[in-house]
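Protein sequence lines, in the order shown, are assigned to chains A and B. Numbering of the first sequence is given in this note's numbering, commencing with residue 1 and proceeding in unit increments. Numbering of the second sequence is given in this note's numbering, commencing with residue 1001 and proceeding in unit increments. Just so it is clear, CB atoms sit at the ideal spot from N, CA and C, and this is done for glycine as well. As structure tokens, the structure follows; a few thoughts come after it.
There are 2 protein chains.
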Amino acid sequence: MTNKNTPAKRDRILDAAEALFAEHGYDGVTLRRIATRAGVDVALANYHFGKKLDLFQAVFDRRAQTLNESRRDALHACQAIAGDEGPSVEQIIEAFLRPLELAQETGDEGWRHYLALIAYINNSPYWGPRMMSQLFDELVQEFIQALRKALPGARDEDVYWCYHNLSGALTLTLANTGRIDKLSRGKCLSADFQAAYDHMIPFTAAGFRRVCGQE
Amino acid sequence: MTNKNTPAKRDRILDAAEALFAEHGYDGVTLRRIATRAGVDVALANYHFGKKLDLFQAVFDRRAQTLNESRRDALHACQAIAGDEGPSVEQIIEAFLRPLELAQETGDEGWRHYLALIAYINNSPYWGPRMMSQLFDELVQEFIQALRKALPGARDEDVYWCYHNLSGALTLTLANTGRIDKLSRGKCLSADFQAAYDHMIPFTAAGFRRVCGQE
DNA sequence: TTGCTAATTCAACACCTGTTGAATAGTCTG
DNA sequence: CAGACTATTCAACAGGTGTTGAATTAGCAA
């Protein structure tokens, strides 16, 4: 009988690469380090995924669909409840953020690493433009569309700049650098994602309303 | 006579390293690429700065004092104008952000690269905790102190989480990834820092007020 | 068992990495 | 001019890099 306690080596490679890429970036990680962490020979990564860049892409792809689905479900759910006039800014942002919190709280470290990887890619002038759009833009546009409806009369560019601020606050949260821990001398913990979102939602919602003239 | 049109090679190394580190990160840049861009032999970086890590630190250090001074001046100036009750949240955030805009608009590309480098470091789970505090925490605490005064009765942790959101929005702006250009189909340009700050100031100020119960 | 195929390891390649010590050129002082 | 010191290049090192083809093992069908 095959041992199903430890995941297959292919998955262990993805897990190891995910964690290491998230912390050190693409160039900061060596295939040998990934292989060692996965308990596997170097050549196996190549056999399963091809070049290093393809492995990077595979890690990035793996959880994207799941994440998009739960976010889309959350958006549609709050739209269904809200009825004709549509959900409020707060409800939309909540649908945008809470699925991430849920993923982070599963006890599965993989999701935490994956979201930190997204933060790395999104903040990188090199990777950001190359990789983010292909997987996330379509859904983001849906959220922005919903926000526009919740902010009648808002100028398009204002909505985009507001989303940019939201995206930045989220990105730094996902990166999970522990800097707020030091600044606040332990009063805030960057690993406490619930607290982060509890503050981020009213913070950004108020920003949207103010900039888009709805107060 | 020595040619003072082209800067000394030592400075050219710093400039090249600054630009490349900002775009590709520490591990994504090779000393040979830096040397080539600077028009200089590989060994010269070592002669002037020692190890690669020391060069990285030297790049990070070079403009920090200048930046901190202009930010501190801006804060003290708005405090002097405001008098006893202190400046408003908007004025404090303005003092926090505008010096960056000025640096970015000098035509000197160096400052743009430097601020992108800060974004890279700040968002990195590896470098962030190791490098940000030493140069920037003292002044940041001064700003947070001013914000506390402008938000009487606010809970400390709320102020820190709000600052975290501000810091995230700023970081993504400095990274200058061009993603908002694509999302907005050209309506917004991530290179347009003035527009970014014009939106970020009211956005984050409204967030502070809402979360800290001042509305 | 014998095959067959996919999964995995082994061994090695050509190349690139950061770093260094010696050699050369440049600059200023006396 | 000689001398001294700094700045810069040259040449090379030991070790690490991604990648590959052949060899080995495991899993399963007939």
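Legend entry - Contacting residues, own chain, Cβ-Cβ under 8 angstroms from residue 1002/B (five flanking each side not counted): Interpretation of residue 1002/B is limited by its pLDDT of 37, a score under 50 that renders its predicted location unreliable; the figure taken from the coordinates is listed afterwards. The beta carbon of residue 1002/B is closer than 8 angstroms to none in its chain, skipping five residues each way along the sequence.
Legend entry - N-terminal and C-terminal residue of the alpha helix (DSSP H) that residue 167/A is part of: Unbroken alpha helix (DSSP H) run through residue 167/A: 156-175.
Legend entry - Residue burial classification, residue 1125/B (beta-carbon count within 10 angstroms, cutoff 16): Around the beta carbon of residue 1125/B, 16 or more other beta carbons lie within 10 angstroms, which makes this residue buried.
Inset, instruction - For chain A, find out if any of its Cβ atoms is closer than 7 angstroms to the Cβ of residue 1180/B; answer yes or no. - result: Yes, contact with chain A.
Inset, instruction - Between the Cα of residue 163/A and those of 1159/B, 1170/B and 1161/B, spot the shortest distance and give me the residue it belongs to. - result: The alpha carbon of residue 163/A has as its nearest neighbour, out of 1159/B, 1170/B and 1161/B, the alpha carbon of 1170/B.
Legend entry - Exposed unless 16 or more other CB atoms sit within 10 angstroms - verdict on residue 16/A: When all chains shown are included, residue 16/A counts as buried.
Legend entry - Beta carbon proximity, residue 1212/B to chain A, threshold 7 angstroms: Answer no: the Cβ-Cβ gap between residue 1212/B and chain A never drops below 7 angstroms.
Inset, instruction - Would you list, in chain order, the members of the segment 1062-1078 of chain B that have their beta-carbon closer than 7 angstroms to a beta-carbon of chain A? - result: Residues: none.
Legend entry - DSSP three-state assignment for residue 145/A, whether helix, strand or coil: Three-state result, residue 145/A: helix.
Inset, instruction - Could you tell me whether any Cβ in chain B is nearer than 7 angstroms to the Cβ of residue 161/A? - result: At least one chain B Cβ lies under 7 angstroms of residue 161/A.
Inset, instruction - Would you tell me roughly how many angstroms separate the C-alpha atoms of residue 1123/B and residue 189/A, rounded to the nearest one? - result: A direct Cα-Cα distance of roughly 16 angstroms separates residue 1123/B from residue 189/A.
Inset, instruction - Please determine if the segment 114-123 of chain A and the segment 1148-1161 of chain B are in contact, where contact requires at least 3 C-beta pairs separated by less than 8 angstroms. - result: Judged by Cβ distances under 8 angstroms, the segment 114-123 of chain A makes no contact with the segment 1148-1161 of chain B, as fewer than three pairs qualify.
Legend entry - Pick from 1089/B, 1165/B and 1141/B that is closest to residue 1205/B, judged by C-alpha positions: Checking every option, the nearest Cα to that of residue 1205/B belongs to 1089/B.
Legend entry - For residue 46/A and residue 39/A, the rounded distance between their alpha carbons: A direct Cα-Cα distance of roughly 15 angstroms separates residue 39/A from residue 46/A.
Inset, instruction - Give every residue of the same chain whose Cβ lies closer than 6 angstroms to the Cβ of residue 208/A, excluding the five residues on either side of it in the sequence, and list them in chain order. - result: Same-chain partners within the cutoff: 89 and 162.
Inset, instruction - With DSSP collapsed to three states, give me the class of residue 1215/B. - result: Here residue 1215/B carries a coil assignment [DSSP, helix/strand/coil].
Legend entry - Spatial distance of residue 211/A from residue 1042/B (CA atoms): Looking at the two C-alpha atoms, the distance is approximately 50 angstroms.
Inset, instruction - Please list the residues of the segment 1014-1031 of chain B that have a C-beta atom closer than 9 angstroms to any C-beta atom in chain A, keeping them in chain order. - result: Of all residues in the segment 1014-1031 of chain B, 1022, 1023, 1024, 1025, 1026, 1027, 1028 and 1029 have a Cβ within less than 9 angstroms of some Cβ in chain A.
Inset, instruction - Spell out whether any CB of chain A is found under 7 angstroms from the CB atom of residue 1149/B. - result: Not one beta carbon of chain A lies nearer than 7 angstroms to the beta carbon of residue 1149/B.
Inset, instruction - Identify which residue in 1033/B, 1087/B and 1176/B has its Cα closest to the Cα of residue 1104/B. - result: Distances from the CA of residue 1104/B to each of 1033/B, 1087/B and 1176/B were compared; the closest alpha carbon is that of 1176/B.
Inset, instruction - Taking 8 angstroms as the threshold, find out whether the segment 1014-1032 of chain B comes into contact with the segment 1107-1116 of chain B through three or more Cβ pairs. - result: Yes: at least three Cβ pairs fall under 8 angstroms.
Inset, instruction - Specify the secondary structure class of residue 188/A as computed by DSSP and reduced to three states. - result: DSSP places residue 188/A in the coil class of the three-state scheme, outside both helix and strand.
Inset, instruction - For chain A, find out if any of its Cβ atoms is closer than 7 angstroms to the Cβ of residue 1189/B; answer yes or no. - result: So, not an interface residue.
Inset, instruction - Within its chain, find whatever has a CB closer than 6 angstroms to the CB of residue 1012/B; leave out the 5 residues flanking it on each side and keep chain order. - result: The residues are 1038.
Legend entry - Backbone CA spacing between residue 148/A and residue 14/A [nearest angstrom]: Counting only the Cα atoms, residue 14/A lies some 38 angstroms from residue 148/A.
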